[in-house]
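First to last, the sequence lines map onto chains A and B. Throughout, this note's numbering is defined as the position within the first sequence, counted from one, plus 973. Throughout, this note's numbering is defined as the position within the second sequence, counted from one, plus 2. So the structure is just underneath, and the comments pick up after that.
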Amino acid sequence: DGGITQSPKYLFRKEGQNVTLSCEQNLNHDAMYWYRQDPGQGLRLIYYSQIVNDFQKGDIAEGYSVSREKKESFPLTVTSAQKNPTAFYLCASSIGTRTSGELFFGEGSRLTVL
Amino acid sequence: QKEVEQNSGPLSVPEGAIASLNCTYSDRGSQSFFWYRQYSGKSPELIMFIYSNGDKEDGRFTAQLNKASQYVSLLIRDSQPSDSATYLCAVTKEGANNLFFGTGTRLTVIP
Chain A
974 DGGITQSPKY LFRKEGQNVT LSCEQNLNHD AMYWYRQDPG QGLRLIYYSQ
1024 IVNDFQKGDI AEGYSVSREK KESFPLTVTS AQKNPTAFYL CASSIGTRTS
1074 GELFFGEGSR LTVL
Chain B
3 QKEVEQNSGP LSVPEGAIAS LNCTYSDRGS QSFFWYRQYS GKSPELIMFI
53 YSNGDKEDGR FTAQLNKASQ YVSLLIRDSQ PSDSATYLCA VTKEGANNLF
103 FGTGTRLTVI P
């Protein structure tokens, strides 16, 4: 089955630690995205990538980093510089290099900082 | 001013009634409009999109767009308890490579 796989589903981190969230897709989609969702805030774009080896900052990129070495993979690192990292993180992909608006989402990763 | 605004709710309707969800957007250059449904603890899924003024129907769902008023709505007819979820409105703009999401409206359908 084609889809987007995010791991881990739940993650606990101590303050000062970096963590990496995995996102893998087998839909052969060109574009991939990372969103953060907080209660009452909706989805906010962290980073997106339209092609391999290229990515762009979204609205809230500070404290995060990404890589796109393969078309299928778009991992997100939450660094210790991110001041309030506890949130629900969603990875998504879309056909083509410009979004048509139809995003396919993974099941999400819930990060809690202890 | 936020790009996309929605009433956070909660909106409660009895089973079988029509649920009406509303969304306004700030940029007249917005081009395409989307409704995503998100069940609690799950990821969003696309249920409707609309590009032109007027109504678009798909089963029990109708999306309505009024570009002059910068307003888009989603009507759910014959609401079912399984429709209970948060509904996210999203828009694309010319020159932008991502979607702009509203904060979502939580809908509860009461059996």
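Here a beta-carbon is modelled for each residue, glycine too, at the ideal position from N, C-alpha and C. All of these numbers come straight from a predicted model, not from anything done at the bench.
Got a sec: is the Cβ-Cβ distance from E1045/A to anything in chain B below 8 Å? On the first sequence, residue 1045/A is found 72 positions in, with the first residue counted as 1. E1045/A does not count as touching chain B.
Segments assigned beta strand (DSSP E), at least 3 residues, entirely inside the region 36-69 of chain B: 47-52, 56-60 and 63-68
Beta-bridge pairing of T107/B - partner residues as DSSP gives them: The residue you call residue 107/B lines up with position 105 of the second sequence. The partner list for T107/B (beta bridge, DSSP) reads Y89/B.
Listed from N- to C-terminal order along the chain, which residues in the region 13-35 of chain B have their beta-carbon within a distance smaller than 7 Å of any beta-carbon of chain A? S34
So is S10/B in contact with chain A if we call contact Cβ pairs under 8 Å? Looking up residue 10/B in the second sequence gives position 8. Judged by the 8 Å Cβ criterion, S10/B is in contact with chain A.
Just mark L1087/A as buried or exposed, buried being the case when its beta carbon has 16 or more other beta carbons within 10 Å. Locating residue 1087/A in the first sequence gives position 114, where the first residue counts as 1. Its Cβ having fewer than 16 others within 10 Å, L1087/A is exposed.
Name, please, each residue of chain B whose Cβ falls closer than 9 Å to the Cβ of G1079/A. Translated into positions along the first sequence, residue 1079/A becomes position 106. In chain order: S45.
Runs of beta strand (DSSP E) wholly within the region 999-1060 of chain A (minimum 3 residues, chain order): 1004-1011, 1015-1024, 1027-1030, 1037-1039 and 1049-1051
Segment limits, beta strand (DSSP E) that includes I78/B: Along the second sequence, one-based indexing puts residue 78/B at 76. Here the beta strand (DSSP E) through I78/B covers Y73 to I78.
Would you please state the rounded distance, in angstroms, between the beta carbons of F36/B and G1074/A? I believe it to be under 8 Å. Your numbering for residue 36/B matches position 34 in the second sequence. Your numbering for residue 1074/A matches position 101 in the first sequence. At roughly 5 Å, the Cβ-Cβ gap stays under 8 Å, so F36/B and G1074/A are in contact.
Relative to the alpha-carbon of Y53/B, which residue among N68/B, V6/B and D85/B has its alpha-carbon at the smallest distance? Looking up residue 53/B in the second sequence gives position 51. Cα-wise, what sits closest to Y53/B is N68/B.
With a 10 Å radius around its C-beta and 16 neighbouring C-beta atoms as the bar for buried, classify P113/B as buried or exposed. As a working mapping, residue 113/B is identified with position 111 in the second sequence. So P113/B ends up on the exposed side.
Would you mind working out which of R1009/A, S1067/A, A1065/A and A1060/A sits nearest F985/A, comparing C-alpha positions? For this step, residue 985/A is matched to residue 12 along the first sequence. Nearest option by C-alpha distance: A1060/A.
I49/B versus S1046/A: straight-line alpha-carbon distance, rounded: The sequence position of residue 49/B within the second sequence is 47, counting from 1. The sequence position of residue 1046/A within the first sequence is 73, counting from 1. Near 26 Å, if we compare the C-alpha coordinates of S1046/A and I49/B.
Which residues in chain B sit within 9 Å of R1021/A, going by Cβ to Cβ distance? For this step, residue 1021/A is matched to residue 48 along the first sequence. Note on residue identity: the sequence assigns Tyr, not Arg, to residue 1021/A. By Cβ distance, chain B contributes N99 and N100.
Report buried or exposed for P1058/A, applying the criterion of at least 16 other Cβ atoms within 10 angstroms of its Cβ. Counting from 1 along the first sequence, the entry for residue 1058/A is found at position 85. Its Cβ being crowded by 16 or more others within 10 Å, P1058/A is buried.
For a contact defined as C-beta to C-beta under 9 Å, what are the partners of L90/B on chain A? Locating residue 90/B in the second sequence gives position 88, counting from the first residue. Simply G1015 and L1016.
Tell me, to the nearest whole angstrom, how far the beta carbon of L101/B is from that of T107/B; I am working on the premise that it is less than 8 Å. In the second sequence, counting from the first residue as 1, residue 101/B sits at position 99. In the second sequence, counting from the first residue as 1, residue 107/B sits at position 105. In fact, because the Cβ distance is near 17 Å, the residues do not count as touching under 8 Å.
Distance, Cα to Cα, S1038/A vs T1052/A? Here the question's residue 1038/A lines up with position 65 in the first sequence. Here the question's residue 1052/A lines up with position 79 in the first sequence. So the two alpha carbons sit approximately 8 Å from each other.
Just how far apart, CA to CA, sit L1000/A and S1066/A? By 1-based counting over the first sequence, the position of residue 1000/A is 27. By 1-based counting over the first sequence, the position of residue 1066/A is 93. Rounded to whole angstroms, L1000/A to S1066/A spans 8 Å at the Cα level.
For my contact list, I1019/A and W1007/A are in at a C-beta cut-off of 8 Å; report their separation, rounded to the angstrom. Here the question's residue 1019/A lines up with position 46 in the first sequence. Here the question's residue 1007/A lines up with position 34 in the first sequence. Rounded, the Cβ-Cβ distance is 4 Å, consistent with contact.
The beta strand (DSSP E) with P16/B in it runs from where to where? Taking the second sequence and counting its residues from 1, one reaches residue 16/B at position 14. From DSSP, the beta strand (DSSP E) with P16/B extends over L13 to P16.
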